[in-house]
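Each residue of the sequence shown is one higher than the one before, starting from 20 at the first, in my numbering. Where is the CB? At the ideal position from N, CA and C, for every residue including glycine. Notes follow once the structure below has been shown.
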Amino acid sequence: PLIPYTHVWAHGGIPRVLSITPPKNAQDHLWVIDTLGVFKGTTTEEFRTRNWAWLCDDAIDPTLGVDDLLIINEQVMVAIAKSGLYRSEDGGCQFLRINSDVSDQALGIISAHPTRTNELVVYTDSISQENSVWWSTDSGLTWMRSTLAVEGTIYELWRSTQNPDHIWVNHALGLSLSIDGGQHFQTIETQGYGLNVSPHEVRLIGGGRLGDKTALFIALNRYPTASLLLSVDRGQTWQVVHQ
20 PLIPYTHVWA
30 HGGIPRVLSI
40 TPPKNAQDHL
50 WVIDTLGVFK
60 GTTTEEFRTR
70 NWAWLCDDAI
80 DPTLGVDDLL
90 IINEQVMVAI
100 AKSGLYRSED
110 GGCQFLRINS
120 DVSDQALGII
130 SAHPTRTNEL
140 VVYTDSISQE
150 NSVWWSTDSG
160 LTWMRSTLAV
170 EGTIYELWRS
180 TQNPDHIWVN
190 HALGLSLSID
200 GGQHFQTIET
210 QGYGLNVSPH
220 EVRLIGGGRL
230 GDKTALFIAL
240 NRYPTASLLL
250 SVDRGQTWQV
260 VHQ
């Protein structure tokens, strides 16, 4: 049943929610990032939020706020801000900037392996720089650059739920795949996605299992029609499944 809400919590204006990390178990916390900070919610067994704690974003970036937050466990978390990567080992009370070349670049989303949560990947989103995927095996303490090199924008990163070491990246030059958790990437020949479109016109939106094959989905937005495309051969050929 729907739960009636009688209060809206806001600070410094009207915030916009950027991401929500739901609890895996009833006793775990619900994490929310909005444009002005990070919040930790305590929930009941019915997943009704009872209390909120605001982890002031000044502890991470005093001027630019938080763009993404990865919860590794109740104590360790990694945050992305405009000024780089930050890491907390005390449940978010204090964040320290990660001393790595990756912190000197603009960053996209961060992803952790679902079972080996110390293994992380993040992609860079810098302007007028070569972008890549970076990987860590120690919960974000140290970072190494992958073999991916993109002269242009990286649009999206998706980690396969069936094979978490398989990571797909959609970028300005096409589509690339890593089968070792983001260390090495190979280019996928997309054949113009079957519609003679350029890579910067499509966005990878996810995938899953279709029979015994891995299914990939991309979105193509072209006025006046938007299309959903499907591939079941690792991105080599595509078919329109919805317009």
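Item	Value
Cβ distance (whole Å) where residue 105 is taken to contact residue 117 below 8 Å	7 Å
Three or more C-beta pairs below 8 Å linking the stretch 129-142 and the stretch 106-114	no
Burial state of residue 233 (16 or more Cβ within 10 Å)	buried
Proximity of residue 61 and residue 119 at Cβ, strictly below 8 Å	no
The stretch 171-191 touching the stretch 207-222, judged by at least three CB pairs closer than 8 Å	yes
Reference residue 184; option with closest CA among 204, 194, 167	204
Residue 95 versus residue 136 - alpha carbon distance	11 Å
Unbroken beta strand (DSSP E) run spanning residue 173, endpoints	173-178
Candidates 250, 189, 107: closest to residue 230 by CA position	250
Classification of residue 227 by the beta-carbon crowding that lies within 10 angstroms, buried from 16 upward	exposed
Nearest to residue 197 (by Cα), restricted to the options 143, 253, 86	253
Length of the line joining the Cα atoms of residue 47 and residue 73	16 Å
Closest Cα partner of residue 126 within the set 244, 138, 146	146
For residue 138, the nearest candidate out of 97, 256, 239 (CA to CA)	97
Nearest residue (CA-CA) to residue 206, options 213, 191, 35	191
Three-state secondary structure assigned by DSSP to residue 122	helix
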